[in-house]
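> Residue numbering for the sequence shown follows the numbering used here, starting at 135 and increasing by one per position. Yeah, the Cβ is synthetic: ideal placement off N, Cα and C, and Gly gets one too.
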Amino acid sequence: MNEFHEIEPEENKSLSNNPEFPEPLVSPVKAAFASLIGIFFLYQLLGAIITLLIFGMDFENADVNAMRLLTAGSQILFILLPALFLSKWIYIDVTPIIRYKIPKAGEVGLFLLGMIILVPLMQSYLFIQNYFIELLAEKSSFIYNIKSIVDELDKFVEETYGNLLTVNNGFEAILVIFVVAVVPAAAEETFFRGFVQKSFEYKFKPLIAALITALFFGIYHFNPYGFIALTCLGLYFGFSAYISKSIFIPVILHFANNFFSILAYLIIEDDEMLKNSAVPVDNILPYFGGFLMLLILFILLVIGIKKYYNKVNLTIEGG
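#1: Where S282 and G423 are concerned, what is the direct C-alpha to C-alpha distance, given to the nearest angstrom?
#2: Restricting to Cα atoms, I'd like to know which of K337, F338, F351 is closest to E323.
#3: If you draw a straight line from the C-alpha of I188 to the C-alpha of G240, how long is it?
#4: For Y370 and L260, which I take to be in contact (beta-carbon distance under 8 Å), what is that distance rounded to the nearest angstrom?
#5: In whole angstroms, give me the CA-to-CA distance for L159 and T365.
#6: Does DSSP put T365 in a helix, a strand or coil?
#7: DSSP three-state label for L428, please.
#8: Relative to the C-alpha of K222, which residue among F312, F329, K441 is closest?
#9: Tell me the residue span of the alpha helix (DSSP H) that contains N391.
#10: Give the DSSP-derived three-state secondary structure of E157 in the structure shown.
#11: Just how far apart, CA to CA, sit E154 and L176?
#12: Kindly confirm or deny that the region 329-343 and the region 265-277 touch, where touching means at least three C-beta pairs closer than 8 Å.
#13: Can you tell me whether DSSP reads D197 as helix, strand or coil?
#14: The alpha helix (DSSP H) that contains S258, what's its start and end?
#15: Examine the Cβ distances between the region 375-383 and the region 194-207 and report whether three or more of them are shorter than 8 Å.
#16: Going straight from the alpha carbon of L246 to that of L179, what length do you get?
#17: Quick one: using the 10 Å Cβ neighbour count with 16 as the cut-off for buried, is T449 buried or exposed?
#18: Taking only three categories from DSSP, how would you classify V314?
#19: Y278: buried (16+ other C-beta within 10 angstroms of its C-beta) or exposed?
#20: Tell me whether the beta-carbon of A165 lies closer than 7 Å to the beta-carbon of I224.
#21: Out of curiosity, what's the CA-to-CA distance linking K441 and L434?
#22: How close, in whole Å, do the beta carbons of S258 and Y421 come, if the pair is a contact with beta carbons under 8 Å?
#23: Identify, in the order they occur along the chain, each residue of the same chain with its Cβ nearer than 7 Å to the Cβ of H355, setting aside the five sequence neighbours on each side.
#24: Applying the criterion that 16 or more other CB atoms from any shown protein chain within 10 Å of the CB defines a buried residue, is L419 buried or exposed?
#25: For the ligand FMN, is there any heavy atom lying closer than 6 Å to the beta carbon of L255?
#26: Thinking just about the alpha-carbon of each residue, which of F325, I342, F373, L429 is nearest to the one in L170?
#27: Starting from the C-beta of D227, find all residues in its chain whose C-beta is less than 6 Å away, skip the five residues before and the five after it, and write them out in chain order.
#28: If we count the other Cβ atoms within 10 Å of its Cβ and call it buried at 16 or more, is E335 buried or exposed?
#29: If you follow the alpha helix (DSSP H) that K164 is in, where does it begin and where does it stop?
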């Protein structure tokens with residue numbers, strides 16, 4: 135059975151004869167943590183230094199298309215290529231680590247249906263979360279001060295994304311889709327759901343491996359208010375990668391999430407779409423109702439996906 139809780143930690147110590155788990159040259163868990171820390175500083179620190187060397191401190195007057203290309207180049211150079219190099223160096227056989235398997239259209243459709251439910255579910259959660267943050271900030275000066283700092287960081291992130299997403303012609307629209315949807319989907323999923331999560335699966339249960347990976351995925355995005363939502367999104371990507379044994383499904387899901395966010399922003403042309411900061415909500419009850427309804431639908435869909443793959447695996451085992 136291909137259950138999400140299938141592999142116990144003690145079982146993972148004897149996977150040398152399993153073609154899905156090639157013999158590693160070093161400890162997979164240590165390699166995963168080292169790569170998470172190393173690539174984080176490589177991408178954020180070295181990427182920032184290169185940006186400063188090229189554009190200086192005057193970001194407002196910098197060529198926005200050059201900034202976009204540099205962003206895409208940094209993801210390829212500092213995330214995608216290291217993920218492929220580490221997979222080859224540590225495991226030799228890259229295919230089972232990256233999960234290179236072409237999925238069926240029906241599989242992709244099932245997981246995309248999950249995204250249709252998960253995105254508004256997380257949006258409802260954000261409204262509820264931010265409502266209570268606002269209430270706590272009104273009653274506690276300590277929380278208010280922390281919120282003020284987080285708001286400044288959030289504002290910086292919003293302005294950065296706003297500059298990347300603003301387009302003036304068709305060419306820029308295509309470039310934005312490439313930079314914000316195509317490259318991050320390929321680079322981040324190859325690294326997180328490919329190399330990192332698979333490395334953790336050598337030691338931990340699949341759920342724990344996916345959760346640890348998702349937490350780092352949330353941290354990488356520097357979005358304080360959206361951290362939990364991003365972690366949940368990453369966990370769903372991890373679930374899809376593990377149970378389908380295909381990296382292409384989380385890549386497609388990641389691309390779809392970013393692409394439709396870009397599309398909505400370009401159509402509506404409203405900066406409010408980028409905002410995750412805590413805002414007061416006059417009537418929070420409808421958001422609770424919507425959240426619970428969507429949560430139930432999402433849980434039912436996940437159960438359905440697991441049953442689908444159990445059936446597929448039984449069919450394969452039965453010949």
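This is what the structure holds:
#1: Taking C-alpha positions only, S282 is separated from G423 by approximately 29 Å.
#2: A check of alpha carbon separations from E323 across K337, F338, F351 identifies F351 as the nearest.
#3: Each residue's Cα considered, the two are about 45 Å apart.
#4: The pair is not a contact, with the Cβ atoms about 16 Å apart (cut-off 8 Å).
#5: Each residue's alpha carbon lies about 30 Å from the other.
#6: Assigned with DSSP and collapsed to three states, T365 falls in helix.
#7: Here L428 sits in helix by DSSP.
#8: When only C-alpha atoms are compared, the closest one is F329.
#9: For N391, the enclosing alpha helix (DSSP H) starts and ends at 382-402.
#10: Coil.
#11: Straight-line spacing of the CA atoms in E154 and L176 works out to 29 Å.
#12: They do not touch, by the three-pair rule.
#13: DSSP places D197 in coil when its eight states are reduced to three.
#14: Run containing S258: 239-273, per the alpha helix (DSSP H) assignment.
#15: As far as the Cβ criterion goes, the region 375-383 does not touch the region 194-207, which means the pair count is below three.
#16: Whole-angstrom Cα-Cα distance: 34 Å.
#17: So T449 ends up on the exposed side.
#18: In the structure shown, the three-state DSSP call for V314 is helix.
#19: Label assigned to Y278: exposed.
#20: Going by C-beta atoms, A165 is nearer than 7 Å to I224.
#21: The alpha-carbon separation between K441 and L434 amounts to approximately 11 Å.
#22: The Cβ separation is near 5 Å, so the contact holds.
#23: Cβ within range, chain order: L364.
#24: Counting every other CB atom within 10 Å of its CB across the protein chains shown gives L419 a total below 16, marking it as exposed.
#25: Ligands displayed in this structure: none; no statement on the ligand FMN is therefore possible.
#26: Closest in alpha carbon position to L170, among F325, I342, F373, L429, is F325.
#27: Residues P156 of the same chain have their beta carbon placed closer than 6 Å to that of D227, with the five preceding and five following residues left out of the count.
#28: Looking at its Cβ environment, which holds 16 or more other Cβ atoms inside 10 Å, E335 is buried.
#29: In this chain, the alpha helix (DSSP H) harbouring K164 covers 162-175.
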